[in-house]
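Structure, as structure tokens:
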Amino acid sequence: MATLTQNRGGHRVTKPARSPLSAAVAWVREHLVTFAGLAALGYLLLPVLVVFIFSFNKPAGRFNFAWHEFSLEAWTNVCGIGGMCDSLWLSIRLALFATLGAVVLGTLLAFALVRHRFRGRQPTNLLVFLPMATPEVVMGSSLLALFVQGGVDRGFTTLFISHVLFCMSFVVVTVKARLQGMDPRLEQAAADLYATPYQVFRRVTLPLVLPGIVAAALLSFSLSFDDFIVTNFNSGNLVTFPMFVFGANQRGVPPQINVIGSIMFFLALFLVLAAQYRTRIKLRRS
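All you need for this note's numbering is the position in the sequence shown, starting with 1, plus 798.
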């Protein structure tokens, strides 16, 4: 067996050299966490990969579950399926309005819970988590009963109210975590330098809490866009994109649905990478 000689304090120490197998095992142990993370990430992205691959498929029948023939027809004629792009545009508009409403109300509520002490603060903290812990079928049916008892016609208004209600809890939790992690001495220092409360908020508080607000907005948009259960209870005659996909699954899934899913995934991935790149540029400049 080969040996390895080292000098330690003027003494020669002879150690047996590691075999290639033991060196490989040691290298695997050192990178085991990386391998586990990559395996979990691959497992999560495998359905997305399948959706992307089958967006180039030309199915032989109604269902797009088996590979038949490569084709770009679905990508060149995305709106070829009647009603699909209308439902997609409805889901985008609904998600944008619901995100705006949830972010405004949720951010204000997060500031109130973190920065102020008032009667009923602890019960409010508890109530914020209820929509997150309650099954969607319970929330959807409860909202439906509320709208029916109030004589409200189901449509875009009821969808907007429903989506704001269940998205607002996620906004509160996200922004609240960001506020609790802020150093209050930064705002105190700005006040000591004779900054007005508005200047402190605009130049210190808002830039620090803005990443949490943006994260909450992205989360709210995703939750609103892909919601089906609450939407199905309170949509009336409107058909959102998830409802269209559910209906198409019973009749036959066109490859255009895979195209829309792929576009949404790569768009979200681009936004995340752009945000990471922007953060790195800022860190390098600072």
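We put the beta carbon where it would ideally sit given N, CA and C, even for glycine. In this text, all values refer to a predicted model and were calculated from it rather than measured experimentally.
Taking C-alpha positions only, Phe909 is separated from Phe1063 by approximately 32 angstroms. Beta-bridge partners of Phe868 (DSSP): Asn855.
For a cut-off of 8 angstroms, the C-beta gap from Trp887 to Val1057 is around 15 angstroms, too long to register as a contact. Contact between Ser1060 and Val848 does not hold, since their C-beta atoms are separated by about 11 angstroms, which reaches or exceeds 8 angstroms. When secondary structure is reduced to three states using DSSP, Pro933 falls in the coil class, being assigned neither helix nor strand.
Counted as a single uninterrupted DSSP element, the alpha helix (DSSP H) harbouring Ser960 occupies residues 954 to 978. Of all C-beta pairs linking the segment 967 to 976 to the segment 1011 to 1020, three or more are shorter than 8 angstroms, placing the two stretches in contact.
Burial of Ser1033 is indicated by the presence of at least 16 other C-beta atoms within 10 angstroms of its C-beta.
When the five nearest sequence neighbours on each side are left out, no beta carbon in the same chain lies closer than 6 angstroms to the beta carbon of Val902. Contact annotation: Phe854 and Leu830 have beta-carbon atoms that are not nearer than 8 angstroms.
Secondary structure at Asn862: coil, using DSSP grouped into helix, strand and coil. In this structure, the straight-line span from the alpha carbon of Arg1083 to that of Gln1074 is close to 14 angstroms.
For the pair Phe958 and Phe1031, the CB atoms are not nearer than the 8 angstroms cut-off. The continuous stretches of alpha helix (DSSP H) do not include Thr1003, and DSSP gives it neither H nor E. Every alpha helix (DSSP H) stretch that sits fully inside the segment 867 to 898 and reaches 4 residues is listed by chain position as 871 to 874. Between Gly904 and Val969, the CB-CB gap stays under 8 angstroms. In the DSSP annotation of this structure, Thr994 is not part of any alpha helix (DSSP H), being labelled neither H nor E.
Nearest Cα to Ile879 within the set Val1070, Arg1076, Phe1039, Leu1067: Phe1039. Following the DSSP letters along the chain, one finds Arg1076 inside the alpha helix (DSSP H) bounded by residues 1053 to 1083. The continuous stretches of alpha helix (DSSP H) do not include Ser1033, and DSSP gives it neither H nor E.
The continuous stretches of alpha helix (DSSP H) do not include Val950, and DSSP gives it neither H nor E.
By alpha-carbon distance to Val1070, the top candidate from Glu934, Pro1009, Thr1029 is Pro1009. In the DSSP assignment, Val1037 falls outside any alpha helix (DSSP H), carrying neither H nor E. For Ser817, there is no enclosing alpha helix (DSSP H), as DSSP gives it neither H nor E.
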